[in-house]
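One structure is given below, encoded as structure tokens.
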Amino acid sequence: MIPHKRRQRRERHSRAGARGGRESCDFPNTTQPRRVASQEPAKNRPQGGRLGAISAEREAMKPPLLRADAPSYPSLFGRYTAVFADHDALHKVLQQLREMSRIGASGKEFPPELRPDVLLFHFEEVLTEHFAREESVQYFGTLEAASPALAQTIAQLRADHEALLHATSRLIALSKDEARFYGLSAATLGLLEWLERHEREENRLMTDFLSGRPPEDDDLDSGESF
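Just add 1 to wherever you are in the sequence shown, counting from 1, and you've got the numbering used here.
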């Protein structure tokens, strides 16, 4: 190559470099732009094909509390806590009713607070409030909306509530006659056994809901057993 042309080429390169760093390398940019992950939440991205079907199937298999479309449950668990707290007051009255029945069977005199006409009326008040909490929209209503498979069980429990309160009202009517005080023991104990079976069914309802397990195909053992 002719010397003066070499000098010219070196001078052009030097001037280009002096104009500023990166511009001295005038290569075409053949690199592909880096792919940026979508910022759209995964649950909002469209899914189709086999992958979408698998995702939908897995979602449907989850317990209600773990599903992506699960509603907020603070009211449900607040209500469940209140219902559970009711059991303390209810348990105290149940103990008193058992003591009332024992006294009635023995023929001894009833203390004022354990007179059947007084205690059965108080029991009805506590039981009515307890059932009202359970049947509220925040408790039974939320369970039924989140897990429609439990609807039949919940309907049976509601019917049981009505029947238990009706049986309690019958005992109250009988207790208005003091001559009947000592004949109420067996009927009262029968009512308590029925209520205990009912409470076990309600506990199983919540267990089924939390686990996502379908309810067992059997009827509540409702009905008067006294």
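Glycine residues also receive a C-beta, built at the ideal position from the N, C-alpha and C atoms.
On the three-state DSSP scale, how would you describe K93?
helix
In angstroms with no decimal places, state the Cα-to-Cα distance between S148 and V138.
14 Å
Under 9 Å, do L175 and L192 count as touching if we go by C-beta distance?
no
Tell me which residue opens and which closes the alpha helix (DSSP H) that E200 is part of.
186 to 212
Should the stretch 175 to 189 be regarded as contacting the stretch 95 to 112, the criterion being three or more beta carbon pairs within less than 8 Å?
yes
Beta-carbon proximity of H92 to F132, cut-off 9 Å:
no
Rounded to whole angstroms, what is the Cα-Cα separation between E145 and A106?
43 Å
C-alpha distance - E202 paired with T154, whole-angstrom precision:
9 Å
Could you give the distance in angstroms between the alpha-carbon of L190 and the alpha-carbon of E125?
15 Å
As a quick exercise: from H199, M207, A152, D118, pick the residue whose alpha carbon is nearest that of K177.
D118
For T169, which of R159, W195, E136, E179 has the nearest alpha-carbon?
W195
Give the DSSP-derived three-state secondary structure of F141 in the structure shown.
helix
Burial state of H167, where buried means 16 or more other Cβ atoms lie within 10 Å
exposed
Proximity of H88 and E200 at Cβ, strictly below 9 Å
yes
Neighbour-count burial assignment, L151, 16 or more Cβ in a 10 Å radius:
buried
Verify whether the separation of the beta carbon atoms of L128 and L206 is less than 9 Å.
no
What does the alpha-carbon distance come out to for the pair F135 and R198?
At residue 135 the sequence reads Glu, which differs from the Phe that was named. About 16 Å.
If contacts are defined as beta-carbon pairs under 8 Å, then L120 and Q96 qualify, I think. What distance do you get, rounded to the angstrom?
Going by Cβ atoms, the distance from L120 to Q96 rounds to 11 Å, so no, they are not a contact pair.
Quick one: residues in its chain with C-beta nearer than 6 Å to the C-beta of F111, no 5 flanking neighbours on either side, listed in chain order?
I104
So what's D178 in DSSP terms, helix, strand or just coil?
coil
Alpha carbon of A156 to alpha carbon of T208, nearest angstrom:
17 Å
According to the neighbour-count rule (16 or more other Cβ atoms, all chains shown, within 10 Å of its Cβ), is L211 buried or exposed?
exposed
Along the alpha helix (DSSP H) that carries F132, what are the first and last residues, could you check?
117 to 135
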